[in-house]
Amino acid sequence: MDSKILIEIVGVFKDCSFHVAKSIAEELKQQFPTAFLDPEIKPLFEFEWHGYLYDKKRELRGEVWQYSSSLMCFLNGRLLGDEKDLTSWAKNQWGFTFARPQAFYTTLAEEYYTKHLQKTGHQFVFMDVEIAGETAGRLMFELFSDICPKTSKNFEGLCTGEQGLSQSGFPLCYKGSLFHRIVPNGWVQGGDISPERKGNGGESIYGLMFEDENFAISHSKRGILGMANKGPHSNGSQFYITLQPTPWMDKTYVAFGQVVEGLDVLRRLEEAPTCNERPKSCHMTCQVGSVEASEQKQEQRRHETQHRGVAVKSPESRSRRFSQDTFTPSPPLLKQAQQ
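For this note's numbering, count along the sequence shown from 1 and bump the result up by 21.
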């Protein structure tokens, strides 16, 4: 029977605490090879972590309900705690210390972050959101460009604004567009790039509309990114972000990405006051760009990357129009999706 110790590290890999724990686990294995198994390291994006933490709280219960760290360390399957608990355990049980300056872990986090994004083979884009003139933070999306390459390219192109003018003569860019619809317990919607910006227009980089690429990505959780439409094969520029699992969308709307960072930002968008599902009194703007993982600047803390930004605005408070053309599932459509 194997009596070696298995250390498991699970946490948000952009945080320095994750790399403190990871370094300790790896050094313990190196210094005491006969006592430890190779550590299991599970890096998670912010959105993944909150789902994992929720499940663990339900599983372990007790004091874990109050757990607030972005990291969990396990010894042979039993929860030890965060990086501070692992540091104390290593010192008390093994006389082991691994002290490094904060800058060391910051550099580790930045390098690991870049490599992790590159390893996925996916594209990443971001939105720096403002609500009512105040900075709300950053939403970052992972685009499943290997599964939905055409749809992902459309979204990324509209973020960078490099596609020039549409067939109708307006810029193919999310600059000046809006978050125009918030459906409680449903989704947040935006992306009308037409000059009117009423929430019932928009075009793709391929023309007025393009076909449904596939329905391989399920709307199985909060934070799924997909294309709004007016019916089959009518994708343009409007997009949505789910606020909870919406499986009825799976064969009707093309999902092609997910939110990986910006839990609090999405919550603030979700909680914005509305009138007929339109933002009521707050103006929402954001800067949008493409994250080039291969060109990330290592010296930028919080993993800022080179990008081309564009502004995205919300509807004026006077705009109250509710369009039936913009992603409004009819009862027959709901019934068909559920069959």
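For glycine and all other residues, C-beta sits at the position ideal for the given N, C-alpha and C.
Partner residues in the beta bridge of LEU65, as assigned by DSSP, are VAL33.
The three-state reading of DSSP puts PHE117 in coil, since its state is none of H, G, I, E or B. For GLU84 and CYS94, the gap between their C-alpha atoms comes out near 15 Å. Cβ atoms of LEU160 and VAL150 come within 8 Å of each other, at about 6 Å.
Ranking PRO54, ARG121, LEU74 by CA distance to the CA of ASP103 puts LEU74 first.
Non-local C-beta neighbours of CYS169 in its own chain, meaning closer than 6 Å and more than five positions away in sequence, comprise GLU234, PHE277, ordered along the chain. Selection LYS25, THR172, LEU100 evaluated against GLY32 yields LEU100 as nearest (Cα-Cα).
Distance from PHE117 to GLY244 at the Cβ level is roughly 39 Å; contact not present, criterion being Cβ atoms closer than 8 Å. Put simply, the backbone Cα of PHE236 is about 17 Å away from that of GLN259.
Here CYS180 is buried: its Cβ has 16 or more other Cβ atoms, across all protein chains shown, within 10 Å. Taking C-beta separations shorter than 6 Å and ignoring five residues to either side along the sequence, the partners of SER166 in its chain run HIS143, GLN144, SER173, following chain order.
GLY247 is a Cβ neighbour of MET270, given a cutoff of 8 Å. Residues ILE30, ILE62 of the same chain have their beta carbon placed closer than 6 Å to that of LYS43, with the five preceding and five following residues left out of the count. Minimum Cα-Cα distance from SER91 among the listed residues ASN206, GLU131, PHE39 corresponds to PHE39. Just measuring C-alpha positions, the residue of SER109, LYS25, GLN279, MET230 sitting nearest GLN265 is GLN279. Within the region 145 to 183, complete alpha helix (DSSP H) segments of at least 4 residues are found at 170 to 181, given in chain order. The continuous beta strand (DSSP E) containing TYR261 extends over residues 260 to 263.
Secondary structure note for VAL286: its alpha helix (DSSP H) is the uninterrupted segment 284 to 291. For HIS201, there is no enclosing alpha helix (DSSP H); the residue is found in the beta strand (DSSP E) stretching over 200 to 204. Membership of GLN210 in any alpha helix (DSSP H) is not indicated; the residue belongs instead to the beta strand (DSSP E) covering 208 to 211. For the pair THR141 and TYR134, the Cα-to-Cα distance works out to about 11 Å.
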